[in-house]
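First comes the structure, then the notes that go with it.
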Amino acid sequence: DQQVKQNSPSLSVQEGRISILNCDYTNSMFDYFLWYKKYPAEGPTFLISISSIKDKNEDGRFTVFLNKSAKHLSLHIVPSQPGDSAVYFCAASARGGADGLTFGKGTHLIIQP
Amino acid sequence: EAGVAQSPRYKIIEKRQSVAFWCNPISGHATLYWYQQILGQGPKLLIQFQNNGVVDDSQLPKDRFSAERLKGVDSTLKIQPAKLEDSAVYLCASSLTGAYTEAFFGQGTRLTVV
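Which chain is which? The protein sequence lines are A and B, in order. Read left to right, the first sequence gives residues 1 to 113 (my numbering). Read left to right, the second sequence gives residues 1001 to 1114 (my numbering).
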């Protein structure tokens, strides 16, 4: 049973436009959500996070939105740049992040020039 | 600040052999995790340590996998005997203790069992 779902295996976006990556979760105990970026042959790199008491968190070009009632979060990247091409993983944790992370399968983002 | 160090980067073994992976977390990080990432999947938590105590090993196949974290710093993950389905990238991560802190990952060890 997948508790964190990323239903789009891949996404292609033109350089300069907005990239929107989506994630759904089923476990109501999750209260901390993170996005990681992964390049080939490297470990995941932390990008941005949000706790369940917020509905939005921004860091430069990256914004994460959380809709608790829908159990849905999204990552917006504006504007998209070629270096953003990578696999993006959505992850969730319970107990304020004290539990280990549960990951989705990832979305491969391709930024087209 | 040095990141999470893992070795080896790559390992090829035959089924039924044993293998060990090593991890050195970021200095001062009390929490250490081992994840298994099978091709096409997201990382799956195998075991979580807080200092040198186990917090969660519910997804660790204990008949063949073992892990230890001596002195609350470095950690080793062992597989004995290995099966074909153990082929994966094994990722170590560490984090500060406390609420809402992110985990930092190492580069991983790619294991191929033939």
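All residues carry an ideal CB built from backbone N, CA and C; glycine is no exception.
Throw me the rounded Cβ distance for the V4 (chain A) and C90 (chain A) pair, which I believe falls under 8 Å.
Within the first sequence, residue 4 (chain A) is the residue found at index 4, counting from 1. Within the first sequence, residue 90 (chain A) is the residue found at index 90, counting from 1. 6 Å between Cβ atoms; contact.
Within 10 angstroms of the Cβ of D55 (chain A), are there 16 or more other Cβ atoms? Answer buried if so, exposed if not.
Numbered from its first residue, the first sequence carries residue 55 (chain A) at position 55. Exposed: under 16 other Cβ atoms inside 10 Å.
For L1096 (chain B), does the count of other Cβ atoms within 10 angstroms reach 16, so buried, or fall short, so exposed?
By one-based count along the second sequence, residue 1096 (chain B) stands at place 96. L1096 (chain B) is exposed by the Cβ-count criterion.
Run the CB neighbour count on E1102 (chain B), radius 10 Å, all protein chains shown included, and call it buried at 16 or more, exposed below.
Reading the second sequence from its first residue, position 102 is the one you call residue 1102 (chain B). E1102 (chain B) should be labelled buried.
For the candidate residues B:A1093, B:V1113, B:V1114 and B:Y1100, whose alpha-carbon lies nearest to that of G43 (chain A)?
The count along the first sequence starts at 1 and reaches residue 43 (chain A) at position 43. Of the listed residues, the one whose Cα sits closest to G43 (chain A) is B:A1093.
Hey, quick one: how far does the beta strand (DSSP E) through D1063 (chain B) stretch, first residue to last?
For this step, residue 1063 (chain B) is matched to residue 63 along the second sequence. Unbroken run through D1063 (chain B): none, as it is neither H nor E.
Which residues in the same chain as F1065 (chain B) place their Cβ atom closer than 6 Å to its Cβ, once the five residues preceding and following it in sequence are excluded?
What you label residue 1065 (chain B) is simply residue 65 of the second sequence in a count that begins at 1. These residues qualify, in order along the chain: I1079.
Residues of the region 81 to 92 of chain A in Cβ contact with chain B at a cutoff of 7 Å, in chain order, please.
Listed by position along the chain: F89.
Do the region 67 to 86 of chain A and the region 1008 to 1022 of chain B meet, that is, are 3 or more Cβ pairs less than 8 Å apart?
The region 67 to 86 of chain A, when compared against the region 1008 to 1022 of chain B, does not touch it at the 8 Å Cβ threshold.
Tell me, which residues are paired with Q1107 (chain B) by DSSP?
The residue you call residue 1107 (chain B) lines up with position 107 of the second sequence. DSSP, once it has assigned bridges, lists no residue as partnering Q1107 (chain B).
Can you list, in chain order, the residues of its chain with a C-beta nearer than 6 Å to that of R1009 (chain B)? Leave out the 5 residues immediately preceding and following it.
Here residue 1009 (chain B) corresponds to residue number 9 of the second sequence, with the count starting at 1. If we look at R1009 (chain B) and ignore the five residues flanking it on each side, it has no Cβ neighbours.
Less than 7 Å between the CB of N1024 (chain B) and some heavy atom of the ligand FMN, yes or no?
This structure lacks the ligand FMN; in fact it carries no ligand of any kind.
Select from B:I1047, B:A1088 and B:G1098 the residue whose C-alpha is nearest the C-alpha of L947 (chain B).
Look at the range of chain B in this structure, 1001 to 1114, and you will see that residue 947 (chain B) is not part of it.
Using only the alpha-carbon positions, how far apart do L1077 (chain B) and G16 (chain A) sit?
Taking the first residue of the second sequence as position 1, residue 1077 (chain B) is located at position 77. Taking the first residue of the first sequence as position 1, residue 16 (chain A) is located at position 16. Going by the C-alpha atoms only, they are around 43 Å apart.
Bridge partners of S93 (chain A), per DSSP?
As a first step, residue 93 (chain A) is located in the first sequence; it is residue number 93 there, counting from the start. Bridge partners of S93 (chain A): A:Y32.
Looking at the unbroken beta strand (DSSP E) that takes in G1053 (chain B), where does it start and where does it end?
Against the second sequence, residue 1053 (chain B) aligns to sequence position 53. G1053 to D1056 is the span of the beta strand (DSSP E), which, as asked, contains G1053 (chain B).
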